[in-house]
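Trainee:
Number of protein chains: 2
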Amino acid sequence: MADITLKKLAELLNLSISTISRSLNDDYQINQTTKDKVIALAKELNYQPNPYAGSLRKKGSKTIAVILPEVANNFFSLAIDGIEEVAQKNGFHVLIYLTHENYLKEVDIANHLMNGRVDGILMSLSSETNNLEHLDKLIEKGIPLVLFDRVSDKINSPHVTTDDFEVSQKATEHLITAGSKKIAFLSLSRYLSIAEKRFKGYSSALKKHDLDLDEKLIVSLTNSLEENYENIKKLIIEEKPDAIFASVESLAMTVYEVVNDLKLKIPNDIKVLSFSNLRIASFLAPSLTSINQPAFEIGRQATSILTRAIKYGKFETPLEKIILKSELQIRNSTV
Amino acid sequence: MADITLKKLAELLNLSISTISRSLNDDYQINQTTKDKVIALAKELNYQPNPYAGSLRKKGSKTIAVILPEVANNFFSLAIDGIEEVAQKNGFHVLIYLTHENYLKEVDIANHLMNGRVDGILMSLSSETNNLEHLDKLIEKGIPLVLFDRVSDKINSPHVTTDDFEVSQKATEHLITAGSKKIAFLSLSRYLSIAEKRFKGYSSALKKHDLDLDEKLIVSLTNSLEENYENIKKLIIEEKPDAIFASVESLAMTVYEVVNDLKLKIPNDIKVLSFSNLRIASFLAPSLTSINQPAFEIGRQATSILTRAIKYGKFETPLEKIILKSELQIRNSTV
DNA sequence: CTTTATGTTTAAATCGTTTGCGTAACTAAA
DNA sequence: TTTAGTTACGCAAACGATTTAAACATAAAG
Chain A
10 MADITLKKLA
20 ELLNLSISTI
30 SRSLNDDYQI
40 NQTTKDKVIA
50 LAKELNYQPN
60 PYAGSLRKKG
70 SKTIAVILPE
80 VANNFFSLAI
90 DGIEEVAQKN
100 GFHVLIYLTH
110 ENYLKEVDIA
120 NHLMNGRVDG
130 ILMSLSSETN
140 NLEHLDKLIE
150 KGIPLVLFDR
160 VSDKINSPHV
170 TTDDFEVSQK
180 ATEHLITAGS
190 KKIAFLSLSR
200 YLSIAEKRFK
210 GYSSALKKHD
220 LDLDEKLIVS
230 LTNSLEENYE
240 NIKKLIIEEK
250 PDAIFASVES
260 LAMTVYEVVN
270 DLKLKIPNDI
280 KVLSFSNLRI
290 ASFLAPSLTS
300 INQPAFEIGR
310 QATSILTRAI
320 KYGKFETPLE
330 KIILKSELQI
340 RNSTV
Chain B
10 MADITLKKLA
20 ELLNLSISTI
30 SRSLNDDYQI
40 NQTTKDKVIA
50 LAKELNYQPN
60 PYAGSLRKKG
70 SKTIAVILPE
80 VANNFFSLAI
90 DGIEEVAQKN
100 GFHVLIYLTH
110 ENYLKEVDIA
120 NHLMNGRVDG
130 ILMSLSSETN
140 NLEHLDKLIE
150 KGIPLVLFDR
160 VSDKINSPHV
170 TTDDFEVSQK
180 ATEHLITAGS
190 KKIAFLSLSR
200 YLSIAEKRFK
210 GYSSALKKHD
220 LDLDEKLIVS
230 LTNSLEENYE
240 NIKKLIIEEK
250 PDAIFASVES
260 LAMTVYEVVN
270 DLKLKIPNDI
280 KVLSFSNLRI
290 ASFLAPSLTS
300 INQPAFEIGR
310 QATSILTRAI
320 KYGKFETPLE
330 KIILKSELQI
340 RNSTV
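If you're matching them up, the sequences are chains A and B in order.
In this text, residue positions in the first sequence follow the working numbering: the first is 10, and each later residue adds one.
In this text, residue positions in the second sequence follow the working numbering: the first is 10, and each later residue adds one.
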């Protein structure tokens, strides 16, 4: 079935293209009778305006991009859910791009989005990302950008995060109170300010309780599952920490695997606590003490900020920096 | 910074728009010297072709849509990962739409994609979907459609699934061999052929072992978590099955919750087996016997079929019906 | 010194919309 | 009847690209 355009409708009805267009857009200039005829035929032939022609003419594509490290992850998939909901509600289409924690891919994706394809961008940074020029370029181009979760303070854009410092501090203190003296920290990244905040929460708790900060107890996420496994195994064997605080869910899973393979017992030999959005954290063996982030809500709010900025042509000032509360769920892996 | 277009480049270089266009497309008609000049300036000013103008002129948007019931789910998020990988490799952009298992939303989304926004569609049907007119319309419009996992045999399109019948039969037999006599079946849908296949695998195993098929032991997924919880609770209390075979991961999680709340023990009081792509199925308490689907690969192959069809303007005939193997991982929830 | 070929560039149409402006036709007031 | 004011529509120019066909040189051939 050939595509039906304004032109075809115009020919069929012996009217000009502009009259068709105006009728369908309910323009005041057009007689109601004419409008009705046009609308009737358009419906009958199932006329659908070509979105790209419209975008070209009007500017604005009613499309946003979501750039993420990965999606096979409970946090991000919940976030997408929230993003999609708000986007759909506001008539936006959602393009998705994955960086796989790869900085160069992130830059590449960002650069290819400077051509008007999208009206705005939601982004959670790759753990490798240190240099932020690609984001500066986007901002300079006037493309609204909202960061969430994996944010950087070095970039001048609104963002939505959780109370990473506070909850990390609280979590670490929980471990200390439970008797841990040698707490390892599995870090998301060496660069991102979210990682820094989580780390500072951790170190501030140590300090408060007169525990030394030991660099050897810090391990950073890589983008290889195997490498992470080996790094954590090495950490446990060589440093023998009595607790592990994972600031990334996937690393907690790896810890479970390593601990299992080493025939150690959680929480007796080693306690484990992690940021996590696993629905079944409570059914893990042992159940996992976790920091639950309101992922869905983060997605919703970030998208809401973005769509508003697109609508009004600018962000509200001062730039919104939204901080939502995470929740520490104490379970058997730490007691 | 104002957007830079072919027209601007043309003015700057005192050349015609067509020459610029041809230079950038490395057309044989243009002198190398001219090309070099054009390319140099284009790079310097970071010229990015407007994708919508191109789409309008050339037809084809280099964009595909993925329509899914949900994304906060290990199977679908892994599938997206595979989809995005192949799409990115072939220069396609990926739009994502969620139906939340809602038939009307699915129809709405499908209808809105008939306007040339996308070159093709990947889809996994909502559990509510029975009527398939919206898909017929897409096919009639000539928009390539590939279904994966949640497919229907009533629709004439390529699809990628797993060996649902065989693995379900195998799984059910495993339960029977382990001593179960009253096996409940948690179904994905009353309509989809994938659900039917899983169900047939289940019932054929029962038959083979001379067990009766009891309608009261069949429960279907709804799109409300609470409703699912209540339905399963009712099932367990009223029918007292000695095993549950969940054909949907999320229902297995609910089973764990219900069983826990009822203070029953898995596998002693009731065995549990489920389709699932949880990375940590083995760390559940008790570890979950699960059918693992190659979700990532399903996504990859479906996308590969789709992009080829887009490239060649038609699907390979006969329509590809790819069946990948799932894997039954026996763990402690059934032994 | 035309004709033909060859290499290089451009004008103009086109894709499907939206929209500023112009202009009939009709009505109402002068 | 003239004038002014509606009402209802069409023309044509954008938007930013690609592409067909044609124009212009210049060089080789007859």
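Backbone N, C-alpha and C fix where the C-beta goes; we use that ideal spot for every residue, glycine too.
As the structure is a computational prediction, the values presented were derived from the model and not from experiment.
Can you give me, in chain order, the residues of the stretch 54 to 69 of chain B that have a beta carbon less than 7 Å from any beta carbon in chain A?
Mentor: Correct list: Q57, P58, N59, P60, Y61, A62, S64, L65.
Trainee: L282 of chain A and L184 of chain A - do their beta-carbons sit closer together than 8 Å?
Mentor: As a first step, residue 184 of chain A must be located in the first sequence, where it is residue number 175. As a first step, residue 282 of chain A must be located in the first sequence, where it is residue number 273. Closer than 8 Å, so yes.
Trainee: Grouping DSSP H, G and I as helix and E and B as strand, with all else coil, what is K330 of chain A?
Mentor: What you label residue 330 of chain A is simply residue 321 of the first sequence in a count that begins at 1. If DSSP states are grouped into helix, strand and coil, K330 of chain A belongs with the strands.
Trainee: Which stretch, first to last residue, makes up the beta strand (DSSP E) that contains T171 of chain B?
Mentor: Numbered from 1 along the second sequence, position 162 holds the residue referred to as residue 171 of chain B. Unbroken beta strand (DSSP E) run through T171 of chain B: 168 to 171.
Trainee: Compare the C-beta of H218 of chain B against all C-beta atoms of chain A and say whether one is closer than 8 Å.
Mentor: The sequence position of residue 218 of chain B within the second sequence is 209, counting from 1. Closer than 8 Å: no.
Trainee: Contact defined as beta carbons within less than 8 Å: I believe L230 of chain B pairs with L197 of chain B. What is the distance between those atoms, to the nearest angstrom?
Mentor: Locating residue 230 of chain B in the second sequence gives position 221, where the first residue counts as 1. Locating residue 197 of chain B in the second sequence gives position 188, where the first residue counts as 1. With 8 Å as the limit, L230 of chain B and L197 of chain B qualify as a contact, their Cβ atoms being about 5 Å apart.
Trainee: Would you verify that the beta carbon of E79 of chain B is, or is not, closer than 8 Å to some beta carbon of chain A?
Mentor: Taking the first residue of the second sequence as 1, we reach residue 79 of chain B at position 70. At least one chain A Cβ lies under 8 Å of E79 of chain B.
Trainee: Could you check which residue in B:G129, B:I192, B:Y200 has the C-alpha nearest to that of K320 of chain B?
Mentor: For the purposes of this step, residue 320 of chain B is taken as the residue at position 311 of the second sequence. Nearest C-alpha to K320 of chain B: B:G129.
Trainee: What residues of chain A sit near R288 of chain B, judged by a beta carbon separation below 7 Å?
Mentor: Walking along the second sequence from the start, residue 288 of chain B turns up at place 279. Those within 7 Å of R288 of chain B in chain A are M262.
Trainee: Which same chain residues end up closer than 6 Å to K163 of chain A when comparing Cβ atoms and leaving out the 5 residues on each side of it in sequence?
Mentor: By 1-based counting over the first sequence, the position of residue 163 of chain A is 154. L141, listed in sequence order.
Trainee: Just to confirm my understanding: we take R126 of chain A, look at its own chain, exclude 5 residues before and 5 after, and list those with CB closer than 8 Å. What are they?
Mentor: As a working note, residue 126 of chain A is residue 117 in the first sequence. Only S70, T72, A74, L104 meet the Cβ criterion.
Trainee: If you follow the alpha helix (DSSP H) that M132 of chain A is part of, which residue opens it and which one closes it?
Mentor: Locating residue 132 of chain A in the first sequence gives position 123, counting from the first residue. Premise fails: M132 of chain A lies in the beta strand (DSSP E), 129 to 132, not in any alpha helix (DSSP H).
Trainee: Tell me, please, which residues DSSP counts as bridged to N111 of chain A.
Mentor: Taking the first sequence and counting its residues from 1, the one referred to as residue 111 of chain A is at position 102. Answer by DSSP bridge pairing: none, since N111 of chain A is not bridged.
Trainee: Report the rounded CA-to-CA distance for D145 of chain B versus N99 of chain A, giving the unit in angstroms.
Mentor: In the second sequence, the residue the question calls residue 145 of chain B occupies position 136. In the first sequence, the residue the question calls residue 99 of chain A occupies position 90. Going by the C-alpha atoms only, they are around 28 Å apart.
Trainee: Could you name the residues of the stretch 100 to 117 of chain B whose beta carbon sits closer than 8 Å to any beta carbon of chain A, in the order they occur along the chain?
Mentor: Answer set for the stretch 100 to 117 of chain B: H102, V103, L104, I105, Y106, L107.
Trainee: With C-beta atoms as the reference, is S166 of chain A less than 8 Å away from V176 of chain A?
Mentor: As a first step, residue 166 of chain A must be located in the first sequence, where it is residue number 157. As a first step, residue 176 of chain A must be located in the first sequence, where it is residue number 167. Not in contact: S166 of chain A and V176 of chain A (Cβ atoms no closer than 8 Å).
Trainee: Grab the span of the beta strand (DSSP E) containing I73 of chain B for me, first residue to last.
Mentor: As a working note, residue 73 of chain B is residue 64 in the second sequence. First-last of the beta strand (DSSP E) with I73 of chain B: 72 to 77.
Trainee: Cβ closer than 8 Å: which chain B residues qualify as neighbours of M123 of chain A?
Mentor: What you label residue 123 of chain A is simply residue 114 of the first sequence in a count that begins at 1. Within chain B, the residues near M123 of chain A are N55, Q57.
Trainee: Against chain B, does I89 of chain A count as a neighbour if the rule is that its beta carbon must be under 8 Å from one of theirs?
Mentor: Along the first sequence, one-based indexing puts residue 89 of chain A at 80. True, the Cβ-Cβ gap to chain B drops below 8 Å.
Trainee: Let me check one thing: in DSSP terms, what residues is S229 of chain A bridge-paired to?
Mentor: To locate residue 229 of chain A, count along the first sequence from 1; it is residue 220. Paired residue(s): A:S196.
Trainee: What would DSSP say about N4 of chain B, mapped onto helix, strand or coil?
Mentor: Outside the displayed span of chain B (10 to 344) sits residue 4 of chain B, for which this structure offers no information.
Trainee: Can at least three beta-carbon pairs, one atom from the stretch 278 to 293 of chain B and one from the stretch 293 to 312 of chain A, be found at a separation below 8 Å?
Mentor: These segments touch.
Trainee: If you drop the 5 nearest sequence neighbours on each side, which residues of the same chain put their C-beta closer than 8 Å to that of T316 of chain B?
Mentor: Residue 316 of chain B sits at position 307 when you count from the first residue of the second sequence. For T316 of chain B, where only same-chain residues beyond five positions count, the Cβ hits under 8 Å are I73, V95, A96, N99, F101, G129.
Trainee: Assess contact between the stretch 191 to 206 of chain A and the stretch 130 to 140 of chain A, defined as three or more Cβ pairs (one per stretch) separated by less than 8 Å. Is contact present?
Mentor: They touch, by the three-pair rule.
Trainee: According to the neighbour-count rule (16 or more other Cβ atoms, all chains shown, within 10 Å of its Cβ), is Q302 of chain B buried or exposed?
Mentor: On the second sequence, residue 302 of chain B is found 293 positions in, with the first residue counted as 1. Buried, since its Cβ has 16 or more Cβ neighbours within 10 Å.
Trainee: How about Y265 of chain B: is its C-beta nearer than 8 Å to some C-beta of chain A?
Mentor: Taking the second sequence and counting its residues from 1, the one referred to as residue 265 of chain B is at position 256. Closer than 8 Å to some Cβ of chain A, the Cβ of Y265 of chain B qualifies, so yes.
Trainee: At least one CB of chain B closer than 8 Å to the CB of F157 of chain A: is that the case?
Mentor: Counted from its first residue, the first sequence places residue 157 of chain A at position 148. No, its Cβ sits nowhere closer than 8 Å to a Cβ of chain B.
Trainee: Do three or more CB pairs link the stretch 268 to 285 of chain B to the stretch 233 to 247 of chain B at distances below 8 Å?
Mentor: Touching, yes.
Trainee: Which residues bound the alpha helix (DSSP H) around F84 of chain A?
Mentor: In the first sequence, counting from the first residue as 1, residue 84 of chain A sits at position 75. Per DSSP, F84 of chain A belongs to the alpha helix (DSSP H) from 83 to 98.
Trainee: For the alpha helix (DSSP H) that E266 of chain B lies in, which residues bound it at each end?
Mentor: As a position in the second sequence, residue 266 of chain B is number 257, starting the count at 1. Its alpha helix (DSSP H) spans residues 258 to 270.
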